[in-house]
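Visitor: This is the structure I want to talk about, given as structure tokens.
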Amino acid sequence: MSWNRNMNKTRYENLSADYHVPHEYIYYDIFNVQYSRATDTQLVGYGVTTTFLRIIFVLISRLGFIIIQMGSIPIENIYRIIFYNIFEIGNAIASYALVGFILSFGNMTLRGWIGYSSSLSYNLDEAILGISACLLGTAQISTFLIGRIHLVASIAITFLYCAFYQPLLMHWIWHSKGWMNKAVLLNKRVSAKDFAGDLVIHLSSSFVGLMGAMFLGRRLIKLKDLDEHSLGREQSGNTIMGYVFILFGYLAFSLPTPLYQSMRIPDNYIGIIMINNMVAFATGIILVSLLHLIIYRKIFTYWIILRCLQGGIAGVISVAAGVDIYSPYACIAIATVASVFFFFFSILVHNTALEDYCNFTSSHLVCSVLGSMACPLLAQKENFGVSARKIHVLWQFICLIAVSALTLFFAWLVFLFLSLGELLRSKREVMNHQRAVVVQKYLPKRAFLERLFMIDSNTDHIEPSETARNSFLRLEGSKDGGRSGREAVIRTVNYEKQRPMKLNRFKKLTVHNADIVSEANIPLQPIVMSDNRNGGDEDIAETYVETSLASKIRIYPMKENLE
34 MSWNRNMNKT RYENLSADYH VPHEYIYYDI FNVQYSRATD TQLVGYGVTT
84 TFLRIIFVLI SRLGFIIIQM GSIPIENIYR IIFYNIFEIG NAIASYALVG
134 FILSFGNMTL RGWIGYSSSL SYNLDEAILG ISACLLGTAQ ISTFLIGRIH
184 LVASIAITFL YCAFYQPLLM HWIWHSKGWM NKAVLLNKRV SAKDFAGDLV
234 IHLSSSFVGL MGAMFLGRRL IKLKDLDEHS LGREQSGNTI MGYVFILFGY
284 LAFSLPTPLY QSMRIPDNYI GIIMINNMVA FATGIILVSL LHLIIYRKIF
334 TYWIILRCLQ GGIAGVISVA AGVDIYSPYA CIAIATVASV FFFFFSILVH
384 NTALEDYCNF TSSHLVCSVL GSMACPLLAQ KENFGVSARK IHVLWQFICL
434 IAVSALTLFF AWLVFLFLSL GELLRSKREV MNHQRAVVVQ KYLPKRAFLE
484 RLFMIDSNTD HIEPSETARN SFLRLEGSKD GGRSGREAVI RTVNYEKQRP
534 MKLNRFKKLT VHNADIVSEA NIPLQPIVMS DNRNGGDEDI AETYVETSLA
584 SKIRIYPMKE NLE
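Here the numbering used here = 1-based position in the sequence shown + 33.
In structure tokens, the structure reads:
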């Protein structure tokens, strides 16, 4: 009898004190069964395998981000996208390895706010997890900003995000002693649930990228200046392949870590996670495709097909926070709601001046918010009562607000300093932005996020096709004949005044979220007025654009404007 009692004691001695009290249950104590796996060779091999797959497929997903950026973002030099991404990968890994690793997963903590350690010889699987999170986060930020920001700005943003800010979030949410991980609220133990990075990766990076896009503001691009490989004919299939690579990266990142396995009873966690992700991905694609067919009755175009794929990615993002604890039916419900939100938000963003070419605001920001709040509501394996569930919802909401507010403040501060230091925009972006500022003077007053040229069902969307692009150039070049750019602008403005919101008489082009126009429609060749102080040198002359109101709009001297 005493032997049986000792066996029972050995069996349950590692259980927490509140294991049999459902309302005291928290996420990271799932079943609270501790197993010693030091001699379990099968688990050791399993842990190494998941760590290897995670970093390999996350690196492959970075290739996917490069591909979708080349197939979605209009740019004058396609190699700028490639170089910025390559340099960013190295910068992100080095920044996190040298600084961020200790701050995020140090074996000691300062009251759950920041980690530290005197040695680097601790859990290297967590180091790979942190590096993977930084690679995904910076990739999502660059998708908002690539091709527009200065190289110095890109380096600074990546370093600050990977070395300090994101490691701080990792420590709060993922570290066993982080203040969001285990806390007490209303005398109940609570924890923030963020298994695959809705808060740490998707929400934070989307807010940083969105803030940067708002600081950059509008730009106006000459169609003829675009690189021939930017939305080139080869990009149709490449972009789809890029989204598949990104999906691989998100799936690999959600694989369980060895520590996760060691804290839980043996189960096929990889199978559970993969099934839930696939169900959410399929639901997103189906819902967005059906909405396009029902509402717009067309789907066989480049940008709509990409939006359907983005709907699948949105479904994966929406279940990321609790993909390990959801049932497949819960994933279908969450992905359904997220896909509907994604569809309507993507259309809303498309009709604004916000340049979000890959719909990351809708797919990552909106869906990560929805997914974070769904965890305490639909978690099937969390055995707490109704009253405790309400407290968990409250804590998850508090953590969501805290991460959002801190991220917005961090991003605003970084972009403010870069803007004041004139290090935010690249040289080409400065010219494109000034062009938009000049044209805005001709048009009726625009709200902060209102397009310069409003789009409608007749607006042509440039797609990856050399033939289509050349036809647009020929059409725009012949439409106004020998008329000057100034006459075309005055004619456009007069019609704009008669019609408050839309331009139907003139050809309008767009690359999803960017205004693309030809020289015939805007004052790209301003009247140069050289004064005697500059000796008549047009390269340094002060440049003005005359309007029909006999006023003068001053713009900075720029050699590209004098071509």
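Backbone N, C-alpha and C fix where the C-beta goes; we use that ideal spot for every residue, glycine too.
#1: Specify the secondary structure class of Val356 as computed by DSSP and reduced to three states.
#2: For Tyr149, count neighbouring C-beta atoms within 10 Å of its own C-beta (all shown protein chains included) and say buried if the count is 16 or more, exposed if not.
#3: So, with DSSP's three-state summary, where would you put Tyr149?
#4: According to DSSP, is His640 helix, strand or coil?
#5: Using DSSP's beta-bridge definition, name the partner residues of Thr171.
#6: Rank Trp445, Thr142, Ile164, Leu482 by C-alpha distance to the C-alpha of His208 and give the top, closest one.
#7: In angstroms, rounded to a whole number, what distance separates the CA positions of Ile108 and Thr176?
#8: Under a three-way DSSP split, which group does Glu462 fall into?
#9: Would you mind reading off the limits of the alpha helix (DSSP H) that contains Arg222?
#10: Would you decide whether Ile424 is buried or exposed? Buried here means 16 or more other CB atoms lie within 10 Å of its CB.
#11: Can you tell me whether DSSP reads Ala386 as helix, strand or coil?
#12: How is Met296 classed by DSSP in three states: helix, strand or coil?
#13: May I ask you to report which of helix, strand or coil DSSP gives Glu261?
#14: Helix, strand or coil for Ala366, going by three-state DSSP, please let me know.
#15: Measure from the alpha carbon of Thr191 to the alpha carbon of each residue in Arg484, Ile380, Gly133, then state which is nearest.
#16: Would you call the stretch 372-387 and the stretch 426-441 in contact, with 3 or more CB pairs under 8 Å?
#17: Using C-beta distances below 6 Å, list every residue in its chain close to Asp258, excluding the 5 sequence neighbours before and after it, in chain order.
#18: Please classify Gln413: is it buried, with 16 or more other beta-carbons within 10 angstroms of its beta-carbon, or exposed?
#19: Whose C-beta lies closer than 7 Å to the C-beta of Met244 among residues of the same chain, with five residues either side of it excluded?
#20: Do you know whose CA, among Leu476, Phe286, Arg266, lies nearest Glu634's CA?
#21: So, under 8 Å CB-CB, Leu457 and Phe248 are touching, yes? Tell me the CB distance rounded to an integer number of Å.
#22: I believe His466 touches Arg252 by the beta-carbon criterion, under 8 Å. Please report the beta-carbon distance rounded to the nearest angstrom.
#23: What whole-angstrom Cβ distance do Ser263 and Ile111 have, given they're in contact under 8 Å?
#24: Let me check one thing: in DSSP terms, what residues is Glu483 bridge-paired to?
#25: When you compare only the Cα positions, how much space is there between Val598 and Ile337?
#26: Please classify Tyr290: does DSSP put it in a helix, a strand, or coil?
#27: DSSP beta-bridge partners for Met141?
#28: Cβ of Leu381 within 9 Å of Cβ of Tyr276?
#29: Among Ile332, Gly230, Val321, Val185, whose alpha-carbon lies nearest the alpha-carbon of Phe286?
#30: What residue from Thr82, Ala347, Lys215, Leu288 has the CA that sits closest to Ala315's CA?
#31: With distances taken between CB atoms, is the gap from Val28 to Asn310 smaller than 9 Å?
#32: On the three-state DSSP scale, how would you describe Ala229?
Guide: Here's the rundown:
#1: Numbered from its first residue, the sequence shown carries residue 356 at position 323. The three-state secondary structure of Val356, taken from DSSP, is coil.
#2: Counting from 1 along the sequence shown, the entry for residue 149 is found at position 116. Tyr149 is exposed by the Cβ-count criterion.
#3: Within the sequence shown, the letter at position 116 stands for residue 149. Reduced to three states, the DSSP call for Tyr149 is strand.
#4: Residue 640 is absent from the model: the chain starts at 34 and stops at 596.
#5: In the sequence shown, the residue the question calls residue 171 occupies position 138. None, per the DSSP bridge assignment.
#6: Looking up residue 208 in the sequence shown gives position 175. Closest by alpha carbon: Thr142.
#7: Taking the first residue of the sequence shown as position 1, residue 108 is located at position 75. Taking the first residue of the sequence shown as position 1, residue 176 is located at position 143. Put simply, the backbone Cα of Ile108 is about 13 Å away from that of Thr176.
#8: To locate residue 462, count along the sequence shown from 1; it is residue 429. Helix.
#9: As a first step, residue 222 must be located in the sequence shown, where it is residue number 189. Boundaries for Arg222: no alpha helix (DSSP H) harbours it, while the beta strand (DSSP E) harbouring it runs 221-223, taken from the DSSP string.
#10: For this step, residue 424 is matched to residue 391 along the sequence shown. Counting C-beta atoms within 10 angstroms of its own C-beta, Ile424 has 16 or more neighbours from the protein chains shown and is therefore classed as buried.
#11: Along the sequence shown, read from residue 1 onward, the residue named residue 386 stands at position 353. If DSSP states are grouped into helix, strand and coil, Ala386 belongs with coil.
#12: To locate residue 296, count along the sequence shown from 1; it is residue 263. The three-state secondary structure of Met296, taken from DSSP, is coil.
#13: Your numbering for residue 261 matches position 228 in the sequence shown. Coil.
#14: Position 333 of the sequence shown, counting from 1, holds the residue named residue 366. Ala366 falls in the helix class under three-state DSSP.
#15: Residue numbering aside, residue 191 sits at position 158 when the sequence shown is read from its first letter. Closest by alpha carbon: Gly133.
#16: Cβ pair count under 8 Å is below three, so no.
#17: Mapped onto the sequence shown, residue 258 falls at position 225. The residues are Glu109.
#18: The residue given as residue 413 occupies position 380 in the sequence shown. Gln413 comes out exposed.
#19: Locating residue 244 in the sequence shown gives position 211, counting from the first residue. Within the same chain, and ignoring the five residues on either side of Met244 in sequence, the residues whose Cβ sits closer than 7 Å to its Cβ are Leu441, Ala444, Trp445, Phe448.
#20: In this structure the chain extends from 34 to 596, so residue 634 is not present and cannot be described.
#21: By 1-based counting over the sequence shown, the position of residue 457 is 424. By 1-based counting over the sequence shown, the position of residue 248 is 215. Contact between Leu457 and Phe248 holds, since their C-beta atoms are separated by about 6 Å, short of 8 Å.
#22: Position 433 of the sequence shown, counting from 1, holds the residue named residue 466. Position 219 of the sequence shown, counting from 1, holds the residue named residue 252. Between Arg252 and His466 the Cβ distance is about 5 Å, and since that is below 8 Å, they are a contact.
#23: Along the sequence shown, read from residue 1 onward, the residue named residue 263 stands at position 230. Along the sequence shown, read from residue 1 onward, the residue named residue 111 stands at position 78. Correct: roughly 5 Å between the Cβ atoms.
#24: As a first step, residue 483 is located in the sequence shown; it is residue number 450 there, counting from the start. When DSSP reads this structure, Glu483 sits in a beta bridge with Thr385.
#25: Examination of residue 598 is not possible in this model, given that the chain is present from 34 through 596 alone.
#26: Residue numbering aside, residue 290 sits at position 257 when the sequence shown is read from its first letter. Sequence inspection shows Thr at residue 290; the Tyr mentioned does not correspond to that position. In the structure shown, Thr290 adopts coil according to DSSP, grouped into three states.
#27: As a working mapping, residue 141 is identified with position 108 in the sequence shown. Met141 is bridged to Tyr149.
#28: Indexing the sequence shown from 1 puts residue 381 at position 348. Indexing the sequence shown from 1 puts residue 276 at position 243. No, the Cβ-Cβ distance between Leu381 and Tyr276 is not below 9 Å.
#29: Locating residue 286 in the sequence shown gives position 253, counting from the first residue. Ranking the options by Cα distance to Phe286, first place goes to Gly230.
#30: Here residue 315 refers to the residue found at position 282 when the sequence shown is read from its first residue. When each option's Cα is compared against that of Ala315, the closest is Ala347.
#31: Since the first and last residues shown for the chain are 34 and 596, residue 28 lies out of range.
#32: Working through the sequence shown from its first residue, we reach residue 229 at position 196. The answer is coil: DSSP assigns Ala229 none of H, G, I, E or B.
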